[in-house]
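S.K.: Below are the structure tokens for one structure; questions will follow.
There are 2 protein chains.
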Amino acid sequence: MVSTKIILIGNINSAKKAGEIVSRYRKMQELTQVELAGLAQTGVRFISELENGKGTVQFDKVMHILDLLGIEVVAKER
Amino acid sequence: MVSTKIILIGNINSAKKAGEIVSRYRKMQELTQVELAGLAQTGVRFISELENGKGTVQFDKVMHILDLLGIEVVAKER
DNA sequence: CACAAATATTCCTGATAGGGAATAATACCA
DNA sequence: TGGTATTATTCCCTATCAGGAATATTTGTG
């Protein structure tokens with residue numbers, strides 16, 4: 001094995017952080033909220049609220065969105 | 001800077017994974033669910049459901065539990 | 001600036017999360 | 001195996017999430 005580049009995006013310690021990342025990566029991929037909602041089989045309102053940091057969103061829904069955007073989530077010891 | 005050891009725990013792509021990690025790290029720190037719930041100002045039932053993989057748990061609550069257990073969550077490109 | 005596209009917010013509604021507390025089921029040891 | 005601690009599940013309840021759709025607001029361009 002030669003070497004593999006890992007592209008870190010940042011820490012996620014809240015829905016606010018997750019929302020910022022979702023917003024940024026959605027735009028990078030030139031998707032509208034409506035399109036992303038369609039891909040995720042979810043409501044547009046959910047995407048909007050998530051991107052705006054709503055903390056009570058459901059965990060698995062968020063993880064699914066991140067996955068759709070090609071974002072991997074890793075746990076490590078602090 | 002000399003070198004810093006990063007201890008990876010694993011990927012989190014669902015509440016199921018998050019729950020497994022919470023369960024393992026809670027036990028490593030010799031905490032009962034009741035104690036962890038106390039620390040997190042949450043109900044014991046929530047901890048139990050989280051550890052058992054309930055996908056609809058609230059995002060921020062989960063992140064808070066992970067943080068309490070000394071677990072950091074990082075996003076990276078897949 | 002004007003207009004169009006995108007996003008945010010509101011209203012209405014059914015479904016359910018989560019708390020507390022009680023109980024049932026498991027796990028753990030002597 | 002019996003007894004205890006721990007965890008899972010149930011019930012009751014209030015609060016609110018998430019969807020759809022309409023509307024308001026913001027953003028991006030010519």
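So the protein sequences, as listed, match chains A and B.
FYI, the working numbering numbers position 34 of the first sequence as 34, with every residue one higher than the one before it.
FYI, the working numbering numbers position 23 of the second sequence as 23, with every residue one higher than the one before it.
Built from N, CA and C at the ideal position, the CB exists for glycine as well.
(1) Who pairs with A/Glu77 in a beta bridge, going by DSSP?
(2) Closest Cβ-Cβ distance between A/Arg78 and chain B: below 8 Å?
(3) Using only alpha-carbon positions, find the residue among B/Ile9, B/Ser14, B/Leu8 that is nearest to B/Gly53.
(4) Once you ignore the five residues that flank A/Leu39 on each side, which residues in its own chain have a CB closer than 8 Å to its CB?
(5) Roughly how many whole angstroms lie between the Cα atoms of A/Phe59 and B/Gln29?
(6) Beta-carbon separation of B/Ile21 and B/Ile12 under 8 Å?
(7) Express the C-alpha separation of B/Lys16 and B/Arg24 in angstroms, rounding to a whole number.
(8) Compare the C-beta of B/Gly43 against all C-beta atoms of chain A and say whether one is closer than 8 Å.
(9) Please go through the same chain and pick out, in chain order, the residues whose beta-carbon is closer than 8 Å to the beta-carbon of B/Gly10, but skip the five residues on each side of it.
M.R.: Concretely, from the data shown:
(1) For the purposes of this step, residue 77 of chain A is taken as the residue at position 77 of the first sequence. The secondary-structure analysis by DSSP pairs A/Glu77 across a beta bridge with B/Ile71.
(2) Taking the first sequence and counting its residues from 1, the one referred to as residue 78 of chain A is at position 78. By this cut-off, A/Arg78 is an interface position.
(3) In the second sequence, residue 53 of chain B corresponds to position 53, counting from 1. Of the candidates B/Ile9, B/Ser14, B/Leu8, the one whose C-alpha sits nearest the C-alpha of B/Gly53 is B/Ser14.
(4) Walking along the first sequence from the start, residue 39 of chain A turns up at place 39. Same-chain partners within the cutoff: Leu31, Leu68.
(5) Within the first sequence, numbered from 1, the residue matching residue 59 of chain A stands at position 59. Within the second sequence, numbered from 1, the residue matching residue 29 of chain B stands at position 29. Their Cα atoms are separated by approximately 24 Å.
(6) Here residue 21 of chain B is taken as the residue at index 21 of the second sequence, counted from 1. Here residue 12 of chain B is taken as the residue at index 12 of the second sequence, counted from 1. Going by C-beta atoms, B/Ile21 is nearer than 8 Å to B/Ile12.
(7) Position 24 of the second sequence holds residue 24 of chain B. Position 16 of the second sequence holds residue 16 of chain B. For B/Arg24 and B/Lys16, the gap between their C-alpha atoms comes out near 12 Å.
(8) For the purposes of this step, residue 43 of chain B is taken as residue 43 along the second sequence, with counting starting at 1. Cβ-Cβ to chain A under 8 Å: no for B/Gly43.
(9) As a first step, residue 10 of chain B is located in the second sequence; it is residue number 10 there, counting from the start. Once the five neighbours on either side are set aside, the close Cβ partners of B/Gly10 are Lys17, Ile21.
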